[in-house]
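Residue numbers (the working numbering): 4 to 295. The block underneath contains the structure these notes are about, expressed in C-alpha cells.
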C-alpha cells in the first residue's frame with residue numbers, strides 16, 4: 004500500500020511539473036473522447052430511428068375491400084407459408100385507424116363511419132434482403148390489393164449509419180494517435196526533468212518496473228482527468244442540445260434515446276479508454292529511457 008501511495012503522489016506531482024504540455028494532452032484526449040462519444044450516440048439514435056420506423060424487416064399487405072372472411076383466412080395461410088415470412092399478423096381497419104389516431108390525433112375524428120383504412124396483414128421478414136422478393140410473392144396472393152414496404156427508407160438510414168460510422172472511425176483513429184503522441188511527449192518531458200533523480204534511483208537499486216510505475220500513474224491520471232471532462236461535456240451537450248434538436252422534429256415518439264439509458268456504459272467506456280491511452284502513452288515514453 005505504501006508503494007502505491009508513493010507512486011500515486013509522484014504521478015500527481017508529475018501533473019503539475021509540466022502543466023502546459025499536460026493541459027494540451029488532456030485537451031486532445033477530451034477532443035478524442037467527445038468525438039468518439041458523439042458519433043456513438045448518433046449511431047445509437049439512427050438505429051433507434053430505424054427500429055421506430057419499422058422499416059427494416061416489415062411489409063404491409065392490404066386486402067381488397069371486397070375480400071370475404073374465407074378469402075382473408077386463405078390469404079393469411081398463403082402468406083404465413085411463404086418461406087421468408089417470420090410472422091403474419093392481421094390488423095383490422097378499425098385497429099389501423101386507431102393506430103393512425105395515435106399519430107394524427109383529432110385530425111381523424113369523424114372517420115369512424117367512413118373508414119378509409121383497409122384490413123391488412125403485417126409481415127415480418129427473416130432478412131431485409133428478402134423484402135422485395137417477399138413483397139412480389141405477396142402481391143400474387145388472391146385477395147391482396149396492395150403491398151407496401153419501406154425498403155428505401157431503411158436503406159437510406161442504413162447508408163447514413165454506415166457513413167457516420169466510417170467518418171467516426173477515421174476521426175477516432177486520427178485523434179487517438181495524436182492523443183497518444185501528446186501524452187507520450189508529456190510523460191517523456193517529465194522523465195527528462197527527473198533524469199537526475201531517476202539516475203540516483205537506479206544507482207541505489209530501483210528496478211525499471213518501480214520507476215516505470217510512477218510515470219504510468221501520471222499517464223493514467225492524465226487519461227482519467229480527460230475522460231471525466233469529456234464525459235461531462237458529452238452528457239451536457241446530448242441533454243441540452245442533441246435531445247432538444249431531435250425532439251423538435253417530432254417524427255418519432257421514442258427518439259432520442261434518453262441519456263440515462265447509456266450513462267453508465269459511456270462512463271465506463273470513457274474511463275477505460277482514458278486509462279488505456281494514459282498507460283500506453285507512458286509506456287511509449289519510457290521505452291527509450293529505461294530500455295523497456
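For every residue, glycine included, the Cβ atom is placed at its ideal position computed from N, Cα and C. Model, not experiment: these values are computed from the prediction.
Residue i - containing beta strand (DSSP E), residue span
i, result
"residue 213", "Residue 213 -> not in any beta strand (DSSP E); alpha helix (DSSP H) instead, spanning 211–240."
"residue 69", "Looking at the DSSP string, residue 69 is not in any beta strand (DSSP E), and its letter there is neither H nor E."
"residue 148", "147–151"
Cβ shell of residue i (< 6 Å), same chain only, five flanking positions each side left out
i, result
"residue 256", "Any reading at residue 256 needs caution, since the residue's pLDDT is 48, under 50, leaving its predicted position unreliable; the model's value is listed next. No residues qualify anywhere along the chain."
"residue 253", "At residue 253, the pLDDT of 49 sits below 50, so the modelled position is not reliable and the matter cannot be decided from this model."
"residue 159", "none"
"residue 210", "none"
"residue 74", "146"
"residue 10", "216, 217, 220"
"residue 174", "38"
"residue 152", "62, 134, 138"
"residue 13", "217"
"residue 89", "127, 129"
"residue 31", "181, 182, 185"
Alpha helix (DSSP H) segment containing residue i, residue limits
i, result
"residue 134", "134–142"
"residue 125", "Careful: residue 125 lies outside any alpha helix (DSSP H), inside the beta strand (DSSP E) at 123–128."
"residue 66", "That residue, residue 66, is in no alpha helix (DSSP H); its beta strand (DSSP E) goes 61–66."
"residue 87", "No alpha helix (DSSP H) holds residue 87; DSSP gives it neither H nor E."
"residue 205", "198–206"
Beta carbon of residue i nearer than 7 Å to that of residue j
i, j, result
"residue 229", "residue 33", "yes"
"residue 120", "residue 134", "no"
"residue 18", "residue 233", "no"
"residue 219", "residue 285", "yes"
"residue 167", "residue 46", "yes"
"residue 27", "residue 271", "no"
"residue 208", "residue 42", "no"
Beta-bridge partners of residue i, as assigned by DSSP
i, result
"residue 25", "Residue 25 pairs with nothing; no bridge assigned."
"residue 93", "124"
Nearest-angstrom Cβ-Cβ length linking residue i and residue j, presumed shorter than 8 Å
i, j, result
"residue 178", "residue 38", "6 Å"
"residue 193", "residue 287", "About 13 Å; that fails the 8 Å criterion."
"residue 278", "residue 226", "5 Å"
"residue 91", "residue 126", "6 Å"
"residue 82", "residue 141", "6 Å"
"residue 199", "residue 20", "The Cβ separation is near 14 Å, so there is no contact."
"residue 49", "residue 164", "5 Å"
"residue 93", "residue 84", "Not quite, the Cβ-Cβ distance comes to about 15 Å (not below 8 Å), so this is no contact."
"residue 150", "residue 60", "In fact, because the Cβ distance is near 15 Å, the residues do not count as touching under 8 Å."
"residue 260", "residue 51", "5 Å"
"residue 136", "residue 87", "7 Å"
"residue 40", "residue 267", "Between residue 267 and residue 40 the Cβ distance is about 14 Å, and since that is not below 8 Å, they are no contact."
Same chain, Cβ closer than 7 Å to residue i, neighbours up to 5 away in sequence not counted
i, result
"residue 283", "183"
"residue 25", "18, 189, 225"
"residue 262", "238, 241, 242"
"residue 204", "214"
"residue 276", "36, 230"
"residue 144", "78, 81, 82"
"residue 222", "186, 190, 281, 282, 284, 285"
"residue 148", "65, 66, 67, 121"
Sequence-distant residues of the same chain with beta carbon closer than 8 Å to residue i, five excluded per side
i, result
"residue 95", "122"
"residue 29", "225, 228, 229, 232"
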